[in-house]
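Under my numbering, the first residue of the sequence shown is numbered 24, with each subsequent residue one higher.
In this text, a Cβ means the ideal position worked out from N, Cα and C, and glycines have one as well.
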Amino acid sequence: MDTWAPTDVPALDGSGPPLRLHDTATGRIRPTAPGAVATMYVCGITPYDATHLGHAATYLAFDLVNRLWRDLGHEVHYVQNVTDIDEPLLERAERDQDDWVVLALRETALFREDMEALRVIPPRQFVGAVEAIPEIAELVAKLVASGAAYRIDDPEYPDVYHDVSSTGRFGYESNYDQETMLRFSRERGGDPDRPGKRNPLDPLLWRMERPGEPAWESTDLGRGRPGWHVECAAIGLNRLGPQIDLNGGGSDLIFPHHECGALHAESLSGEHPFARHYTHTGMIGLDGEKMSKSKGNLVFVSKLRNSGVDPNVIRVALLGGHYRTDRSWTDEVHAVGDKRIARWREAVALDAGPDATELVSALRTRLADDLDTPGALAAVDAWADEALTRRGTDPQAPGTVRTALDALLGVRL
Ligand SMILES: Nc1ncnc2c1ncn2[C@@H]1O[C@H](COS(=O)(=O)NC(=O)[C@@H](N)CS)[C@@H](O)[C@H]1O
Ligand SMILES: [Zn+2]
């Protein structure tokens with residue numbers, strides 16, 4: 024499916040230190056070491072209730088990675104999916120008496136609009152699970168042929184599962200213990216209690232057709248549809264290869280989604296690890312409650328935009344907190360973003376300002392340190408205060424600051 028419109032990223036003189044990012048698998052902040060082309064797979068939305076501020080915060084975090092890698096001279100091959108077929112989507116369509124295909128199209132279109140407004144650099148490939156079904160089915164058939172996957176002996180619905188023992192490394196990405204994995208599997212779409220599975224954690228690869236459910240032909244597998252995790256493994260493997268620099272998403276994807284995605288990918292490719300960094304963002308809540316579809320306490324980017332909020336304010340307000348911190352969207356957070364943009368606009372409107380060299384290097388250093396946006400934004404505050412109180416004599420400075428904020432933070436003043 025179409026990706027969203029590109030946003031131009033201005034070139035900035037000089038270069039900063041290598042990007043160091045937290046990796047869930049090793050639990051450490053480590054340097055990323057992409058080649059000439061950095062490869063990044065960030066899980067996309069399940070298209071309903073799009074785009075709430077939790078979604079936005081997650082995609083903004085990986086947008087900064089994209090911008091930093093470009094600033095470090097890499098090309099970035101960024102791929103993202105849309106889970107446009109899955110239980111939760113069917114349930115929402117049912118609830119709203121909506122056609123699930125129309126719901127997915129409408130919400131995906133809104134998501135693209137919001138990403139464009141936030142000036143998130145678009146993925147090179149933006150792929151729907153439905154359009155990827157043929158390639159997913161092909162990989163599932165390979166897993167069955169290799170013996171890594173098996174059919175459950177349920178005469179009515181002989182669904183296909185992946186044997187988690189097939190790589191001998193299941194659990195390396197999340198490092199969760201069995202009890203935690205079982206709990207998250209239950210909570211997040213797994214079926215650990217289904218009788219007949221070799222291991223309760225074995226993830227579903229192919230769900231045979233049930234009455235009244237959408238299903239697709241597959242000569243190898245029989246009519247049905249893919250499981251959730253294998254869609255991302257297939258879309259990522261087929262476009263980015265067997266080893267990628269970064270697999271990203273929110274912390275709720277640590278398990279089972281990214282663990283099982285790694286299992287599928289590594290079982291197929293024989294290479295380990297699938298991603299050199301598994302990086303996860305904290306949860307955005309609303310006044311202390313996690314912002315989530317089930318709670319219905321969602322704040323939408325489109326609603327804020329329609330009420331006249333500048334997307335730069337949304338971006339800066341969300342970047343005010345560290346990406347890995349669970350945090351809330353509050354009126355105060357919104358107000359801080361508002362004030363910042365106003366003050367920075369005033370400062371770059373001056374015809375001269377304090378030398379910007381230090382600020383540019385501070386921005387690069389702070390962002391390269393596991394995306395320390397609080398530190399980066401504080402450095403901009405300091406420059407703006409200096410410019411607005413003691414003035415400055417460098418006529419280039421305001422322009423340099425404007426370019427740096429756009430290139431590195433995606434903020435266009
Ligand atoms: N409250 C939140 N705060 C931060 N990130 C969130 C929040 N809610 C969802 N996300 C992230 O937003 C992205 C899309 O979430 S989603 O719409 O539920 N979709 C999915 O998780 C799947 N389609 C991934 S393949 C995921 O990375 C998810 O972790
Ligand atoms: Zn995914």
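Out of Pro-54, Asp-137 and Arg-115, the CA that lies nearest to the CA of His-78 is found in Asp-137.
In this structure, Ile-108 lies away from Ala-48, with their beta-carbon atoms at least 8 Å apart. The C-beta distance from Val-434 to Arg-338 rounds to 6 Å, short enough to meet the 8 Å contact threshold. Going by beta carbons, Leu-35 and Ala-430 fall inside the 8 Å limit.
Relative to Gly-67, the option among Phe-149, Ala-116, Leu-133 and Gly-96 whose CA is nearest is Phe-149.
Under the three-state reduction of DSSP, His-300 is assigned to strand. Taking a cut-off of 8 Å for Cβ pairs, the stretch 90 to 110 and the stretch 157 to 172 do not touch, as fewer than three such pairs fall below it.
Per DSSP, Ala-172 lies in no alpha helix (DSSP H) segment; the continuous beta strand (DSSP E) that holds it begins and ends at 172 to 174. Nearest to Lys-316 by alpha-carbon distance, out of Asp-177, Leu-341 and Pro-111, is Pro-111. Around the beta carbon of Glu-355, fewer than 16 other beta carbons lie within 10 angstroms, which makes this residue exposed. Taken from the Cβ of Asn-261, every heavy atom of ligand 2 lies 7 Å or farther away.
It is roughly 40 Å from the alpha-carbon of Asp-214 to the alpha-carbon of Leu-390.
The Cβ atoms of Tyr-173 and Arg-221 sit closer than 8 Å to each other. Between Leu-432 and Val-371, the C-beta spacing is not below 8 Å. Cα atoms of Ala-402 and Thr-74: separation of roughly 29 Å, rounded to the nearest angstrom. The DSSP assignment places complete alpha helix (DSSP H) segments of no fewer than 4 residues inside the stretch 128 to 207 at 156 to 169, in order along the chain. In this structure, the C-beta of His-280 approaches ligand 2 to less than 7 Å from one of its heavy atoms.
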